[in-house]
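Colleague:
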Amino acid sequence: MRKLKIIINGIIRENPTFVLVLGMCPTLATTSTVSSGVGMGLAAAAVLVGSNAVISMIRKFVPSQVRIPCYIVVIAAFVTVLQMLMQAFLPDLYKTLGIFIPLIVVNCIILGRAEAFASKNTVADSVCDGIGMGLGFTFALFIVSLVRESIGIFAPMATMPPGGFIVLGCLLAGMNRLGRFLAKRSGKPEPEPLRIDCRHCVMGCRVKD
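Those letters in the sequence shown? Residues 166 to 374, by the working numbering.
(1) Evaluate contact between the stretch 295-304 and the stretch 202-216, counting only Cβ atoms and requiring at least three cross-stretch pairs below 8 Å.
(2) With a 10 Å radius around its C-beta and 16 neighbouring C-beta atoms as the bar for buried, classify A305 as buried or exposed.
(3) Output the distance between the C-alpha atoms of L250 and I275, rounded to the nearest integer angstrom.
(4) Return the CA-CA distance between E179 and G344, expressed in angstroms with no decimal places.
(5) Taking the continuous alpha helix (DSSP H) assigned at T192, which residues delimit it?
(6) Report the CB separation of I223 from V270 in whole angstroms; it is logged as a contact under 8 Å.
(7) Going by C-alpha to C-alpha distance, which of P267, T192, G329, E280 sits closest to P234?
(8) If I248 and P267 are in contact, beta carbons under 8 Å, what's the gap, nearest whole angstrom?
(9) C293: buried (16+ other C-beta within 10 angstroms of its C-beta) or exposed?
(10) Please return the same chain residues whose Cβ sits closer than 6 Å to the Cβ of F243, not counting the five positions on each side in sequence.
(11) Starting from the Cα of L187, find the closest Cα among S284, L255, S200, R278 and give me that residue.
(12) Inspect the beta-carbon positions of G204 and V309 and report whether they are closer than 8 Å.
(13) Take S291 and list the residues in its own chain whose beta-carbon comes closer than 8 Å to its own, dropping the five residues that flank it on each side.
(14) How would you call A289, buried or exposed, if buried means at least 16 neighbouring beta carbons within 10 angstroms?
(15) Within 10 angstroms of the Cβ of F183, are there 16 or more other Cβ atoms? Answer buried if so, exposed if not.
(16) Which value, in whole angstroms, describes the spacing of the CA atoms of L336 and F330?
(17) Quick one, which of P327, K170, R350, I237 has its alpha-carbon nearest T196's?
(18) Could you give the first and the last residue of the continuous alpha helix (DSSP H) run that contains I331?
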């Protein structure tokens with residue numbers, strides 16, 4: 166039951182795109198068509214699952230001072246393997262996604278889950294978190310790309326960068342409205358807006374209180 170909750174949490178309650186608003190660069194750049202959007206989502210999901218599992222395995226052996234570089238090396242290894250497999254077996258999709266495949270290494274969703282979840286939980290739970298977040302990201306990219314490609318038949322601007330911003334903004338507003346409606350209907354308090362505490366940012370910036 167706990168593992169199912171973790172998976173559902175990544176798909177719905179903490180959807181990386183519609184709730185946490187992470188990974189905006191690939192979301193906007195690869196969703197002009199459904200095939201590229203879903204392909205990008207599944208690629209990121211594969212890296213999420215693999216990196217979460219390995220990081221959870223080594224979490225007790227990695228000194229806290231070098232944990233972020235170690236996480237990046239693990240993620241980069243999985244991205245390299247994924248890149249070679251796609252180049253060999255899915256050359257068309259590989260050409261379509263282009264530079265965004267190697268850029269998965271610096272995707273804030275993957276590094277964020279490594280730091281926030283995999284480094285603190287068991288391998289099984291970390292794999293479930295990777296599956297949930299990966300499916301949530303793929304679902305979000307599918308919805309955005311489906312809307313953009315459908316509207317693009319009548320309004321080509323929807324498949325262009327400005328159209329991506331407009332469609333994503335409308336979907337985020339709609340998801341936010343739906344979340345508040347469901348919370349109100351169930352009698353639960355409305356979800357608080359996402360707040361980022363820069364003092365605990367994984368990038369190590371020094372920000373005054």
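Note that the Cβ used here is the ideal one computed from N, Cα and C, for glycine as well.
Modeller: Judging by the given coordinates:
(1) These segments touch.
(2) Position 140 of the sequence shown, counted from the first residue, corresponds to residue 305. Label assigned to A305: buried.
(3) Start at 1 with the first residue of the sequence shown, and residue 250 comes out as number 85. Start at 1 with the first residue of the sequence shown, and residue 275 comes out as number 110. Distance between the alpha carbons of L250 and I275: 20 Å.
(4) If you number the sequence shown from 1, residue 179 lands on position 14. If you number the sequence shown from 1, residue 344 lands on position 179. Approximately 12 Å, taken between the alpha carbons.
(5) As a working mapping, residue 192 is identified with position 27 in the sequence shown. Taken as a continuous stretch (DSSP letters only), the alpha helix (DSSP H) holding T192 covers 189-194.
(6) Residue mapping note: residue 223 aligns to position 58 of the sequence shown, counting from 1. Residue mapping note: residue 270 aligns to position 105 of the sequence shown, counting from 1. Contact flag wrong, Cβ pair sits at about 18 Å.
(7) Here residue 234 refers to the residue found at position 69 of the sequence shown. Minimum Cα-Cα distance from P234 among the listed residues P267, T192, G329, E280 corresponds to E280.
(8) Looking up residue 248 in the sequence shown gives position 83. Looking up residue 267 in the sequence shown gives position 102. The identity of residue 248 in the sequence shown is Gln, whereas the question assumes Ile. Confirmed, about 6 Å.
(9) Against the sequence shown, residue 293 aligns to sequence position 128. C293 comes out buried.
(10) Here residue 243 corresponds to residue number 78 of the sequence shown, with the count starting at 1. The residues are V212, G215, S216.
(11) Translated into positions along the sequence shown, residue 187 becomes position 22. It is R278 whose Cα lies nearest to the Cα of L187.
(12) Here residue 204 is taken as the residue at index 39 of the sequence shown, counted from 1. Here residue 309 is taken as the residue at index 144 of the sequence shown, counted from 1. Cβ distance not < 8 Å, so G204 and V309 don't count as in contact.
(13) For the purposes of this step, residue 291 is identified with residue 126 of the sequence shown, where counting begins at 1. Sequence-distant Cβ neighbours of S291 in its own chain, meaning closer than 8 Å and more than five residues away, are N217, A218, I220, S221, F282, A283.
(14) The residue you call residue 289 lines up with position 124 of the sequence shown. When all chains shown are included, A289 counts as exposed.
(15) Mapped onto the sequence shown, residue 183 falls at position 18. Around the C-beta of F183, 16 or more other C-beta atoms lie within 10 Å, and the residue is accordingly described as buried.
(16) In the sequence shown, counting from the first residue as 1, residue 336 sits at position 171. In the sequence shown, counting from the first residue as 1, residue 330 sits at position 165. Whole-angstrom Cα-Cα distance: 10 Å.
(17) Locating residue 196 in the sequence shown gives position 31, counting from the first residue. Relative to T196, the option among P327, K170, R350, I237 whose CA is nearest is P327.
(18) To locate residue 331, count along the sequence shown from 1; it is residue 166. It spans 326-351 - the alpha helix (DSSP H) in which I331 sits, taken as one unbroken run.
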